[in-house]
Amino acid sequence: MHHAYIDKFAYQDSSIHRLDARVKFIITVVFTAVVISLPRTSVSILFCYAVGPFVVLVMGGIPLRFVLKHILYVSPFVLVLAFTGPWYDRTAAAVAFGPWIWHTTVGWLRCWSILGKFVVTMLALIALISTTRFANLLAGLQRLGMPRLLVIQMGFLYRYIFLLIDSAHHILRARAARSAGGVAFGRGVKFAAAMVGSLFVRSIDTAEHINAAMQARGFDGNWRTINRLEVRVADYVFIVIAACFIVGLYFFVKPVLG
Amino acid sequence: MHMANELLSVPVATGTLAIAAGGLGLICRKVSKIVSSDKLPLMGILGAFIFAAQMVNFQFPAMPGTSGHMVGAVLLAIILGPHLAAIVISSVIIVQCLIFQDGGLLALGCNIINMGLVPSYVGYFLYKMVTAGQSSSRRIYIGAMLACLVALESGAVLVPVEATLSGVLAVPFSTFLVTMVGVHFLVGLVEGLITVAVLGYIQQVRPDLVLDSLPGKIRLSRKTVLVTLLVFAMIAAAGLSLLASKMPDGLEWSYRERPDQPGFKPVITNENTTIEAVDQLQSKYTPLPDYTLRGASAETSKGWTSFAGVSGSLLTMLAVWAGMSLMRRKEAKAMSGS
Amino acid sequence: MVKAIKVENFSYKYPDGTIALNGVTLDVEYGECLALIGPNGAGKSTLLLAITGFVRGTGRVVIDGLEITNGNLKQVRSRIGCCLENPEDQLFMPTLFDDVAFGPLNMGLDSQQVKERVNLALAEVGLAGMAERAPHHLSAGQKRAAAIATVLSMSPKIITLDEPDGSLDPRNRNNLVKLLAGLSQTLVIATCNMDFAAAVADEAAVIDGGRVIAAGPAKKIMSDSKLMTSHGLEVPR
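Set out below in structure tokens:
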């Protein structure tokens, strides 16, 4: 399954993978905030910002073609909204690039800016997720203040997502095998409801079994965990480099490029 | 329907993140006190269930190629109550962002509010209000349908609000609002039908699971579906004609696009003065790029710096990539050679 | 002499009235490996639930000298670990480490002790070094081994396993046989597979219709073809 690859990449090893989850998360958030705070018509500087996540991805050994395909996969909504730019904003504008000058509209600039920002922030998010094991990310989020209930619940969610999605695939395949000629709307709704309903009941049953397993291993209502995160020298180095990169571009390059 | 970072401004993103985090924190604290820890695996699994449920689709009657699927927020709210549903759906949204990159990091606040918090509570309270202990099938049906429709519409309405407050998009508020409301009208219908059907299925197979949530028997007969579709079609038709009649010369905004007059400067009218004020504020504080309507000579130096910036970045990326590939190849050779 | 497990005239009825176990009496010695064999629906799984305290009926169940009551379930479960039929239900944490550490943590051990127990348990089942893996990335055989590790880390005296060989291919089944043979704990294994039972068990008990039909040395019981076939089983090869 396509999405499962991102999860698998997190289990590779590299200097990026070994960085602390909290550090990577905070840097990703700050980076994203800075990028989206850039003026709504800036395009050139986005290329400069793109270097950051790009380097992280390459050093983490994440295949770039996969990343780009993935970004395309999640872009439809943003694409539609980005293209409302040229549709609604027809203020004329002239753009100089190298020896050429284009006459276009501010709407198009806004469009490219939105798309560019989308690609750059997506690169950063994918860089974070494909180099951090979800369990570590959850542990990091808990240390950063996420409510315990939510963290525990998301642990279960993550553990069983792929199982449930596989079940859904099986059920869908069974339906496809049985309704080769197409189904009327009403029947279609009834089928869909039965599938969703059976997934629901199955979920409840699995939850009951898990509870039994937890009790069998002595669970008494207190959730106990071991701390597994620690910030190392490499993390501090990464923080310094990232900070210089983000801030440096903002204060020195942005005023020049606009 | 997931918002992306780039459609928001930093103030709106931080504001919504704060509201969402605060809200979730409150709910979690409340829930930890009243819910026993054996519900934890259930909540996690139901989160996974929502993912799976959203994959189950079915064909629309008159539109080949389009299929619908359920969101699941109201279903959970009806069965589990609003607090647990809010937590479960919010966790799904967070995981959708983190693992599947659906929706941006900074848009999490908006997405959690729009698709998690609002639908859970609005849906639950509307359902409870309408069914109010009555056990007739019709009441329950109407309650569930209405709950789904209003819950999804409430969330959908917030999207244009957040977008316009941010000022990044050029779409006028009214257009965006009408589009979202219109689209989610259909989505709400689909959600309602499936929710009712699923509740009926569960009631048949495991009545103990829905004993507290369904005061009576829930039924989805063909007649009910047809009547519902008819009602929705009528409302949709009424809505569309209302839209058309408001603009006597056709929709005001269709006059923007005048391809026969290239120099035509559009007037983006916006009846809402607050939105206009925000927009003006935005343009005052975000420095406009220097490259609008200036002479070519003033631009050339700017043009070369842009060129330098872009090409420099691309070259850097290429260098890094090439360097790492070489290093990896060397490593691989060393490992296989030794 | 204290037995590892002592079941005295135990009976249990389902909520709808069906009799699941009818006056079961059974003894298991320390260090023994007992196979519960019988047709589907015979009550093997229910019996396992009874000796792990999940199902409470009439009669006595004494585990390691401790009689099961409503109040001492946690103590009982520190002495007898159970492996459920589906390893997916038993591996519910995001990483293997968390799963195997779950039991020891609930026993109140400190993090150093827990880490040691986890590494030992994983090594014992042949999964050393895989502590950071996520359960959904494991193969079927690995999941089964991991499920056993989650129980081993609690150092119980007795372990019950419900159809542990289910959906395992021959190679994984052989690995499982070797694994179980290497364990020193008292084992009670419910299984429908006679070859598997013959390979691991010292003693066998035939369960049918909620009753213990026959119990004794595995070889003797399972070579009695009349006994086997009259209860829907077969003589192992």
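Chains as they are written, first to last, in the working numbering: chain A, 5 to 262; chain B, 2 to 339; chain C, -16 to 220.
Using N, Cα and C, we set each Cβ at its ideal position, and we do this for glycine too.
Note that the structure is predicted; figures quoted are calculated from it, not measured.
Review point. Are ALA172/A and MET116/B close, meaning C-beta to C-beta below 8 Å?
Key: On the first sequence, residue 172/A is found 168 positions in, with the first residue counted as 1. On the second sequence, residue 116/B is found 115 positions in, with the first residue counted as 1. Cβ distance not < 8 Å, so ALA172/A and MET116/B don't count as in contact.
Practice item. In the DSSP assignment, find the beta strand (DSSP E) that holds ILE196/C and state where it starts and stops. Key: Locating residue 196/C in the third sequence gives position 213, where the first residue counts as 1. It spans 194 to 200 - the beta strand (DSSP E) in which ILE196/C sits, taken as one unbroken run.
Point to revise | Straight-line Cα distance separating GLY183/B from MET235/B | key: As a position in the second sequence, residue 235/B is number 234, starting the count at 1. As a position in the second sequence, residue 183/B is number 182, starting the count at 1. Between MET235/B and GLY183/B, the C-alpha separation is close to 13 Å.
Review point. Which of the residues in the stretch 123 to 136 of chain C, read from start to end, lie with their CB under 7 Å from any CB of chain F?
Key: As a matter of chain content, chain F is missing from the structure shown, whose protein chains are A, B and C.
Exercise for review: Measuring only between beta-carbons, confirm whether PHE(-7)/C sits less than 8 Å from chain A.
Suggested key: The count along the third sequence starts at 1 and reaches residue -7/C at position 10. Taking Cβ atoms only, chain A never reaches closer than 8 Å to PHE(-7)/C, which makes this a no.
Check your understanding: Should HIS213/A be flagged as near chain C, meaning a C-beta pair shorter than 8 Å?
Key -> The count along the first sequence starts at 1 and reaches residue 213/A at position 209. So, interface residue.
Review point. What is the DSSP secondary structure of LEU107/B, reduced to helix, strand or coil?
Key: Translated into the one-based positions of the second sequence, residue 107/B becomes position 106. Note: LEU107/B maps to coil in three-state DSSP.
Check your understanding: So what's GLY24/C in DSSP terms, helix, strand or just coil?
Key -> Along the third sequence, read from residue 1 onward, the residue named residue 24/C stands at position 41. Three-state DSSP puts GLY24/C in coil, outside helix and strand.
Check your understanding: Who are the near neighbours of VAL123/B in its chain, counting only those whose CB is closer than 7 Å to its CB and skipping five residues on each side?
Key -> The residue labelled residue 123/B in the question sits at position 122 within the second sequence. Cβ within range, chain order: VAL151, ALA152, SER155.
Check your understanding: Are the beta-carbon atoms belonging to LEU79/C and ALA104/C less than 8 Å from one another?
Key -> As a first step, residue 79/C must be located in the third sequence, where it is residue number 96. As a first step, residue 104/C must be located in the third sequence, where it is residue number 121. No.
Review point. Is the closest heavy atom of the ligand SAM to the C-beta of GLU15/C under 7 Å?
Key: No copy of the ligand SAM occurs in the structure displayed, which carries no ligand at all.
Review point. DSSP on ASP207/C, reduced to helix/strand/coil?
Key: In the third sequence, residue 207/C corresponds to position 224, counting from 1. Coil at ASP207/C, not helix or strand.
Review point. Ends of the alpha helix (DSSP H) at ILE166/A?
Key: Looking up residue 166/A in the first sequence gives position 162. Here the sequence assigns Phe to residue 166/A, which means Ile is not the residue at that position. Residues 152 to 182.
Practice item. Identify the contact partners of PHE37/C in chain A, using a Cβ-Cβ distance below 9 Å as the criterion. Key: Numbered from 1 along the third sequence, position 54 holds the residue referred to as residue 37/C. Chain A residues near PHE37/C: ALA216, GLN219, ALA220.
Review point. What does ARG69/A reach in chain B if we use C-beta pairs closer than 9 Å?
Key: Counted from its first residue, the first sequence places residue 69/A at position 65. Correct list: empty, because the minimum Cβ distance to chain B is about 12 Å.
Check your understanding: Would you call TRP106/A buried or exposed, if buried means 16 or more other Cβ atoms sit within 10 Å of its Cβ?
Key -> The residue you call residue 106/A lines up with position 102 of the first sequence. It counts as exposed.
Review point. Who are THR317/B's beta bridge partners in DSSP?
Key: Numbered from its first residue, the second sequence carries residue 317/B at position 316. None; THR317/B has no bridge partner.
Exercise for review: Can you give me the Cβ contacts of GLY189/B inside the same chain, cut-off strictly under 7 Å, excluding the 5 residues immediately before and after it?
Suggested key: For the purposes of this step, residue 189/B is taken as the residue at position 188 of the second sequence. The residues are CYS149, LEU150, LEU153, GLU154.
Check your understanding: Span of the beta strand (DSSP E) holding SER(-6)/C?
Key -> As a working note, residue -6/C is residue 11 in the third sequence. That run of the beta strand (DSSP E) goes -12 to -4.
Exercise for review: Scan the stretch 103 to 120 of chain C for residues whose Cβ lies nearer than 9 Å to a Cβ of chain A and list them as they occur along the chain.
Suggested key: GLU115, ARG116, ALA117, PRO118, HIS119, HIS120
**Study point:** Reduced DSSP secondary structure (H/G/I, E/B, other) of TRP265/A
**Key:** An answer regarding residue 265/A cannot be provided, because it is not within the stretch 5 to 262 covered by chain A.
Exercise for review: Output the boundary residues of the beta strand (DSSP E) element that contains ASN5/C.
Suggested key: Walking along the third sequence from the start, residue 5/C turns up at place 22. It spans 2 to 11 - the beta strand (DSSP E) in which ASN5/C sits, taken as one unbroken run.
**Study point:** Interface flag, MET44/B vs chain A, CB-CB below 8 Å
**Key:** Indexing the second sequence from 1 puts residue 44/B at position 43. Chain A, which has a Cβ nearer than 8 Å to the Cβ of MET44/B, makes this yes.
Review point. Which of the three DSSP states, helix, strand or coil, is assigned to ILE113/B?
Key: What you label residue 113/B is simply residue 112 of the second sequence in a count that begins at 1. Residue state, collapsed to three classes: helix.
Review point. Within 8 Å (strictly less), CB to CB, does VAL241/A reach chain B?
Key: For the purposes of this step, residue 241/A is identified with residue 237 of the first sequence, where counting begins at 1. It does not; no Cβ of chain B falls within 8 Å.
Point to revise | Cut-off 7 Å between Cβ atoms - residues of its own chain near TYR256/B, not counting five sequence neighbours on either side | key: The count along the second sequence starts at 1 and reaches residue 256/B at position 255. Reliability of the predicted coordinates at TYR256/B is poor, the pLDDT of 40 falling under 50, and no value is obtained from them.
Practice item. Give the single residue among SER137/B, VAL162/B, GLU192/B whose Cα lies nearest to the Cα of ILE219/B. Key: By one-based count along the second sequence, residue 219/B stands at place 218. That would be SER137/B, whose Cα lies nearest to the Cα of ILE219/B.
Review point. CA-CA distance, ILE230/A and GLY159/A?
Key: Locating residue 230/A in the first sequence gives position 226, where the first residue counts as 1. Locating residue 159/A in the first sequence gives position 155, where the first residue counts as 1. Each residue's Cα considered, the two are about 14 Å apart.
Practice item. List the residues of chain A whose Cβ lies closer than 7 Å to the Cβ of GLU217/C, in chain order. Key: The sequence position of residue 217/C within the third sequence is 234, counting from 1. The contacting residues do not exist; GLU217/C stays about 30 Å from chain A at best.
Check your understanding: Does any residue of chain C bring its CB to less than 8 Å from the CB of THR210/A?
Key -> Residue mapping note: residue 210/A aligns to position 206 of the first sequence, counting from 1. Yes, contact with chain C.
**Study point:** Minimum Cβ-Cβ distance from LEU253/A to chain C less than 8 Å
**Key:** Locating residue 253/A in the first sequence gives position 249, where the first residue counts as 1. Not closer than 8 Å to any Cβ of chain C, the Cβ of LEU253/A fails to qualify, so no.
Check your understanding: Okay, do the stretch 67 to 82 of chain A and the stretch 16 to 29 of chain B touch, 3+ Cβ pairs below 8 Å being the bar?
Key -> no
Check your understanding: Can the beta-carbon of VAL101/C be found less than 8 Å from the beta-carbon of VAL83/C?
Key -> For the purposes of this step, residue 101/C is taken as residue 118 along the third sequence, with counting starting at 1. For the purposes of this step, residue 83/C is taken as residue 100 along the third sequence, with counting starting at 1. Result yes, Cβ atoms of VAL101/C and VAL83/C sit closer than 8 Å.
Point to revise | Helix, strand or coil at VAL218/C [DSSP, three-state] | key: By one-based count along the third sequence, residue 218/C stands at place 235. The answer is coil: DSSP assigns VAL218/C none of H, G, I, E or B.
Review point. For a contact meaning CB atoms closer than 9 Å, what does ASN89/C contact in chain A?
Key: Working through the third sequence from its first residue, we reach residue 89/C at position 106. Under the 9 Å cutoff, chain A gives MET218, ARG221, GLY222, PHE223, ASP224, ASN226, ARG228.
Check your understanding: Taking Cβ to Cβ, would you say ILE165/A is nearer than 8 Å to PHE126/B?
Key -> The residue labelled residue 165/A in the question sits at position 161 within the first sequence. The residue labelled residue 126/B in the question sits at position 125 within the second sequence. Result no, Cβ atoms of ILE165/A and PHE126/B do not sit closer than 8 Å.
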